[in-house]
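Residues 1 to 271 (the UniProt record's numbering) are what the sequence shown spells out, left to right.
C-beta atoms are modelled at their ideal positions from N, C-alpha and C, and glycine is treated no differently.
Heads up: the structure comes next, in structure tokens.
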Amino acid sequence: MTDPLSFRSVDAPMPPSAWPSGDETAADAAAGFGPAALNAMPLAEREILANGLAERLDASQLHALRSAFGDTLDRAVNERSGPAVREAYAGRVAAETQEIDARVVNPDGGEVNQARWTVDEQGRPVRAEATLRTVFSQLERGDAETQAQRDAADRGIDGDQGGHVFGHRFVTDQGLKNLFPQNGNFNMGAYKTLENEWAAWIDQGMEVRIAIDLNPRGADRPDRVRISYEVIDPADGGRVYDQRVSFDNRAGQTYDRIDSEQMDELIAARA
């Protein structure tokens, strides 16, 4: 008999509106959605599906689906599940992850970058947040960091590099908690372009606040990287700009960054 919570690929899975009543039948229907199908779904459809699951399943069933849905299911549980299910689900999530903080001080100007990584039981990053105020330049990577990059790349596939969640120029040597197997073209292309945009905002005297989710959770190699960030003017705490972007962990990803002239205009508009 097939485990009702194991994933299998289907072309036309049953939508939540057509699920029979009852937790077990809802779990059977949810089992038709494989991780590849979920990643191909528009975000709005993923959210609808996750909301339907959160309203019907218990904490253990939801937790079994978490590696495929990632943070989309977390939000759905917080918003749609009952108090008992939310509490039990949160307990299961907390048991499999831990948070690690870092505070990195620039010795030249005293500016502080802060970061927090959520890692799973194997130390693999699943989520990260940072507030960046400075860029470190001309800092060589230590031997341990270089080895950690090789170790991260080895978890991936041919063509992968040990890519930083937050670039070395922002948080210096942080080891495996700040690394994941990243397609080399993506790492040196679109991802680096986005990091250059963050660095440019910092050069403008702004503060950059970032949240990054790696999906699916619990995988050696994430398939998708979801990033949101906002630019804050430290003079008054006002928001200057915000951006949300999602990348597939493969070659050919693109990112059109804003240039310095656009940044000047956005900053001036708040004056």
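Pick helix, strand or coil for residue i, following the three-state DSSP scheme.
i	result
residue 254	coil
residue 42	coil
residue 122	coil
residue 8	For residue 8, the predicted structure reports a pLDDT of 33, less than 50, and the residue's modelled location is therefore unreliable. A value from the coordinates is still provided. If DSSP states are grouped into helix, strand and coil, residue 8 belongs with coil.
residue 150	helix
residue 261	helix
residue 274	Absent from the model: residue 274. The displayed extent of the chain is 1 to 271, so no value can be given.
residue 57	coil
residue 140	coil
residue 175	helix
residue 266	helix
residue 52	helix
residue 66	helix
Taking the alpha carbon of residue i as the point to measure from, which residue in the options has its own alpha carbon closest?
i	options	result
residue 47	74, 67 and 61	74
residue 131	217, 202, 54 and 182	202
residue 66	263, 137, 219 and 167	219
residue 197	230, 216 and 217	230
residue 137	188, 199, 89 and 81	199
residue 115	167, 140, 85 and 51	167
residue 104	232, 271, 169 and 79	169
In the DSSP output, which residue or residues are listed as bridge partners for residue i?
i	result
residue 208	132 and 231
residue 102	115
residue 245	227
residue 161	182
residue 215	224
residue 127	118 and 213
residue 238	233
Starting from residue i and walking both ways along the beta strand (DSSP E), at which residues does that stretch end?
i	result
residue 170	Careful: residue 170 lies outside any beta strand (DSSP E), inside the alpha helix (DSSP H) at 168-171.
residue 179	179-183
Find out if the Cβ-Cβ distance for the pair residue i, residue j is shorter than 7 angstroms.
i	j	result
residue 77	residue 95	no
residue 134	residue 126	no
residue 179	residue 162	yes
residue 187	residue 223	no
residue 148	residue 175	yes
Considering just the uninterrupted stretch of the alpha helix (DSSP H) at residue i, what are its terminal residues?
i	result
residue 83	83-96
residue 203	190-203
residue 71	71-80
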